[in-house]
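These notes are about the structure you will find just below.
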Amino acid sequence: MPTPLTPLSLHILLSLGADPMHGYGILKAIGERTDDRETPSTGALYLALQRLQEEGRIRLSDSRPEGADARRRYWEITAAGRDAVAVELGRMEALLRDDAARAFRTERVADG
Amino acid sequence: MDDPGRSGRLYRLLLKLQPRPLREQLGEEWLATAMERDREFAGGGGGALLRHRLREIGGAVRSAVVGRFGAQRLDSQGSEGRRRGAMGKSERGGIELDGVRHDVRGAIRSLRRAPGFAIASVLILGAGIGMATTVFSAVHAVLLAPLPFHQPDRLVSLWERNPDFGWEQATAAPANVLDWRERVSGFEDVAAYQEEVGSGIWLDAPEPRRVGFTQVSGNFFDLLGTRPVLGRLPTWEDTWDTGERTVVASHAFWLNDLGGDPGAVGRTLELEGGTFRITAVLPQEFRFPSSEVDLWSPYGWDPSFRDQAWFRRAHFVRGIARLRDGTTAEQARAELDAVALQLQEEHPTLNRNMFAGFTPFRGWLAGSLERPIRALSAGVLVLLLLACVNVGALFLVRAGARTGELAVRRALGAGRRRIARLLLAEAMLVATLAGVLGVGLAWLGIRGVAALRPVQIGGGPEMGLHGPVLLFAVAASLLTVLLFAAGPALAASRGRLGGVLQGAGRSSVQRRRPAGHRLVPVQVALAVVLVLAAGLVSRSFGRLQAVDPGVDPEGVFVFGMSLPDSPYGDRDAVLAFWDGLVERIEALPGVDRAAITSGIPLTFSGWTSQVVGRSWESGEVAFDVRHRSSSPGYFDVMGVPLLRGRGFQPGDGRDGVPVAVVNRTFAERWFPGRDPVGEQVTFDREPDENSVWRTVVGVVGDEHQGNLVLDPDPEIWEPLGQELARSELVVLKTAGTPVDLDAALRGVVAEMDGRLPILRLRSFEQVVDESTIDARFLLFVFNSFGVLAFILAMAGVYGVTAQTVRRRVPEFGVRIALGANGAMVSRLVLRGVLVVAGVGTVLGVAAALVGSRLLDTLLFEVESRDPLTFVVVPLLLLVTTLLAAMVPARRAGRVDPAESLRSE
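So the sequence lines, in the order shown, correspond to chains A and B.
One rule links them: number in our numbering = place in the first sequence (from 1) + 3.
One rule links them: number in our numbering = place in the second sequence (from 1) + 255.
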């Protein structure tokens, strides 16, 4: 079973679900998904990208869109990456069903 | 406008912090993303952009730390650590770190309780570190930073030497350089280039402007080991005429003027001299021979030049060679000597007494900057030392004042180690704050220096907070604090703590003199050294300012103009333009007189020639005579007095009799005791029937052609109508300040030819200022050092004296009770100060007598051991030292015996 994913790593992997993307595109995608609540710094983003790459969860993509800037790097998700996302989402689902966790959840909602 | 450049620099710096593997794999992508995000915020308010950048800085610092050290921690602490690490929100725990944090908190608390001490230490040390770092950045740029060439230590700069002409390290004749290249086997290759950066007008620019231009042999870049960013660099074959004119563009020119166009190679530029095709773009770090060069063009010599006499007579190229692997400099030098002798034999006239030699490249580039930089380094180190001594004294005072507190801590169970750690943490905190302040000041200082007098060698980097410079700042702060602050504090803490709690701390048993007492002579000595240096430099500058430049700069302005090939192809068109220009400028309101000239004084402009007089003994030649041409109004505009005969007249044109004017030095040197007017001279070293003989019609006063330090050279003038160029300077004399001279002149030129720019309009006062820029820079820096040193020393004297008096209050009380009066007590205090300051002054003068040699060649008409300065400055310092001590001394005299004894 893979080690748990950090929130940032999870977001990155989710963003790469469909097409290969470069770092800036990933940031944009995360921003959209979270209404700009998650905006990691450039430093944090690339550190996470590099680690995910080392762990074999993403890799540099050979395919890139037409007219892409030559300096840009595009990443795509690997099978291992997809597995990791699936496991992480499963873990979250399990938590959502957990009574103790649910109590916290309603508290948060009540606060907000 | 500034944002792309500035933010680019910020993010490049942040990227540099990231771990190397990340930087290497993802550097460009990283930067591209950071810049794009930055642009998103650039449109919004400044506050949002600033917040974004601060967040990016924080994020980059965190990822730099986590990226380097996060991995090990992951293994030991499991997934929780990773989760935080990857999001960049790590809170690192651990016992060791806790201890450090505890110490730092303690230090912050304790410094907060003594804000005066903390602020003073940080300010003094920060100023010292800031100044030292600024100077070190100059040292780094000139002497240390690696040159961006392949194996730069194998490069040598070639020169010619000729005792007949008084030439040392002169530029060489191209034919000789070519022969060296072929015959000296110890040279792997030899290239040639123009040392002086020329300039030309770029005509089809969006707005015509001047571009920096230099010519090089085809193998120039290859010899330096440069690789282009775009295109293909010239090769040796391009030294010769290939039927096409080509240029290599600097990175800055490509980026700023060609918009970073990836298709720039192949584009053509209309320059003054014709059409040039761009063949390559150089890397950013290539700035040789100077950062002013925009375009490098291969010479494109005709191969037939090789056998023509002028190619060996005109000495206008600088040679540069790469030593062959396995060849020592001595071997190559011996070989070059031999080749130079061969060439003397083969060309007995042209190469008579012409020798050759070389200098290691780095030393060559550093050249005249090396001595001032050494002097500044020495000065700033003395200042830093003084700052350290002052801070050391502060730490001693503080240690003395808190013996009680430390004793309580010991009594409550704090071990000696614990206390030592606290003191060390305090010192480190001061060091860190001072270091941060110092780096900030250095950043300002470097900008200030860049604005005042850029310190850079050809090909080398600009001054800046480069890695080694920052390292220097860090090392300086740590070392100074450890040596001068932590040391005394620890020593004091080790002292007799036991007795303190029993009240001995306040009693008269205590040593009468504070520990800082011993530092006073050192402070005074260091200040004497720096104030003496400032005095010498000031006196030298005064002498320099007293030099008469030979012209009257008031109301005089100068600018450059350059006419393109077409339609100014023939001399009539050129002359007509210059004449028309002078006429129109003189018609402007507020302008008295205008003239065209090939050079102005104090700038080394103009050229030199050989002159032979018809009445001289045969074989007598005046070498290296300065040689300029001007239109009739020049001497009037510049206020150069006409001593004999006449100046130039409108009739001195092509059809008139060839005439010349000489300056006073020429007249005295070459026509001693005679009236030169009516004499005839020629520029041919060996006159024949084709020689043009010019009649000397006048003698004018001397101008300092080079700078104020150098004596005027012999000089000869030709009228513009007889010696004409398409690039000239225009000088004009105004009465009062015209409203907008720049606009008026642009209007005049635009009326005549809309394509032509006005180059560098400036007042002649500015020219004078520019010519003394090095002297003014030295003056400014040494005076700053002197003033700071003076303040620090006086503050030190005052502080220690005040403290001494405070400690001796009981003793003074007793003395006064026993019948001494206030004045006697005051004198007692002052006598002590005088002894200490006297010792310091003597030490300082002795040190300065040795150290002032560093200023030897930098002073003008003042000896580096100038007796006046060496008497006045120490006396002045002694007197002011006494004045500084006066206030506490008088307080000593006012001690009330009853009260002082009661408090005992």
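Every residue, glycine too, gets a C-beta built ideally from N, C-alpha and C.
Looking at the structure shown, is residue i part of a helix, part of a strand, or coil, going by DSSP?
{"i": "B:G361", "result": "helix"}
{"i": "B:Q273", "result": "coil"}
{"i": "B:M386", "result": "helix"}
{"i": "B:I701", "result": "helix"}
{"i": "B:I533", "result": "strand"}
{"i": "B:G953", "result": "strand"}
{"i": "B:A319", "result": "helix"}
{"i": "B:P1143", "result": "helix"}
{"i": "B:G441", "result": "coil"}
{"i": "B:L1011", "result": "coil"}
{"i": "A:D38", "result": "coil"}
{"i": "B:F610", "result": "strand"}
{"i": "B:G933", "result": "coil"}
{"i": "B:D1121", "result": "coil"}
{"i": "B:R278", "result": "helix"}
{"i": "B:W925", "result": "helix"}
{"i": "B:T523", "result": "strand"}
{"i": "B:G348", "result": "Confidence at B:G348 is low in this model, with a pLDDT of 37, below 50, so its placement is unreliable and the value that follows should be read with caution. Note: B:G348 maps to coil in three-state DSSP."}
{"i": "B:D847", "result": "strand"}
{"i": "B:G888", "result": "coil"}
{"i": "B:Y1053", "result": "helix"}
{"i": "A:R100", "result": "helix"}
{"i": "A:M24", "result": "strand"}
{"i": "B:L1160", "result": "Outside the modelled stretch of chain B, which goes from 256 to 1159, sits residue 1160 of chain B, for which no answer is possible."}
{"i": "B:R881", "result": "strand"}
{"i": "B:S793", "result": "helix"}
Thinking residue i and residue j are a contact (beta carbons under 8 Å), I'd like their distance in whole angstroms, please.
{"i": "B:T950", "j": "B:G928", "result": "In fact, because the Cβ distance is near 20 Å, the residues do not count as touching under 8 Å."}
{"i": "B:V783", "j": "B:T1096", "result": "6 Å"}
{"i": "B:R881", "j": "B:E970", "result": "4 Å"}
{"i": "B:A788", "j": "B:G1041", "result": "7 Å"}
{"i": "B:L578", "j": "B:E443", "result": "7 Å"}
{"i": "B:V936", "j": "B:V866", "result": "5 Å"}
{"i": "B:G976", "j": "B:R909", "result": "6 Å"}
{"i": "B:R588", "j": "B:F613", "result": "7 Å"}
{"i": "A:G26", "j": "A:L52", "result": "7 Å"}
{"i": "B:V1084", "j": "B:A1147", "result": "5 Å"}
Pick out whichever of the options has its Cα sitting closest to the Cα of residue i.
{"i": "B:G953", "options": "B:R607, B:D907, B:V1127 and B:W833", "result": "B:D907"}
{"i": "B:S1026", "options": "B:T863, B:E809, B:E872 and B:L799", "result": "B:L799"}
{"i": "B:S1039", "options": "B:I1028, B:L1137, B:L785 and B:L309", "result": "B:L785"}
{"i": "B:F541", "options": "B:P403, B:G618 and B:L380", "result": "B:P403"}
{"i": "B:P822", "options": "B:R310, B:V704, B:A1139 and B:E527", "result": "B:E527"}
{"i": "B:S632", "options": "B:L1033, B:R436 and B:T1056", "result": "B:L1033"}
{"i": "B:S795", "options": "B:T469, B:V914 and B:L963", "result": "B:L963"}
{"i": "B:E525", "options": "B:R464, B:E841 and B:L591", "result": "B:R464"}
{"i": "A:S44", "options": "B:A697, B:L286 and B:E958", "result": "B:L286"}
{"i": "B:S412", "options": "B:L1131, B:P856 and B:A621", "result": "B:A621"}
{"i": "B:E283", "options": "A:R75, A:D39, A:Y27 and A:A82", "result": "A:R75"}
{"i": "B:P1122", "options": "B:A1103, B:D408 and B:A849", "result": "B:A1103"}
{"i": "B:L272", "options": "A:A47, A:R67, A:E57 and A:G84", "result": "A:A47"}
{"i": "A:L55", "options": "A:D72, A:E35 and A:A83", "result": "A:A83"}
{"i": "B:L638", "options": "B:T735, B:G824 and B:R657", "result": "B:T735"}
Three or more beta-carbon pairs under 8 Å between the region 378 to 391 of chain B and the region 683 to 698 of chain B, yes or no? yes
For the region 811 to 821 of chain B against the region 914 to 929 of chain B, do three or more pairs of beta-carbon atoms, one drawn from each stretch, fall closer than 8 Å, so that the two count as touching? no
Length at least 3, wholly inside the region 459 to 504 of chain B: the beta strand (DSSP E) runs in chain order: 464 to 471 and 501 to 504
For the region 41 to 67 of chain A, which segments carrying the alpha helix (DSSP H) assignment without a break, of at least 4 residues, lie completely within its bounds, in sequence order? 45 to 57
Is it true that the region 361 to 379 of chain B meets the region 627 to 646 of chain B, where meeting means three or more beta-carbon pairs spaced less than 8 Å apart? yes
With three or more C-beta pairs closer than 8 Å as the rule, is the region 407 to 424 of chain B touching the region 1058 to 1070 of chain B? no
Check whether the region 464 to 479 of chain B touches the region 548 to 565 of chain B, taking contact to mean three or more Cβ pairs, one atom from each stretch, closer than 8 Å. yes
Jot down the residue ranges of each uninterrupted alpha helix (DSSP H) in the region 606 to 679 of chain B, minimum 4 residues, whole runs only, in chain order. 616 to 621, 625 to 656 and 658 to 666
Given 8 Å as the limit, is there contact between the region 261 to 280 of chain B and the region 288 to 308 of chain B, that is, 3 or more CB pairs closer than that? Touching, yes, given that three or more Cβ pairs across the two stretches are closer than 8 Å.
Flag this pair as touching only if the region 566 to 578 of chain B and the region 435 to 451 of chain B have three or more C-beta atom pairs under 8 Å; answer yes or no. yes
Could I get the ranges of all uninterrupted alpha helix (DSSP H) runs contained in the region 796 to 857 of chain B, with 4 residues as the minimum, in chain order? Counting only unbroken stretches of 4 or more residues, the alpha helix (DSSP H) elements lying wholly within the region 796 to 857 of chain B are 826 to 841, in sequence order.
Below 7 Å between beta carbons is the criterion; list the residues of the region 783 to 817 of chain B that meet it against any residue of chain E, in chain order. Protein chains A and B are contained in the structure displayed, whereas chain E is not.
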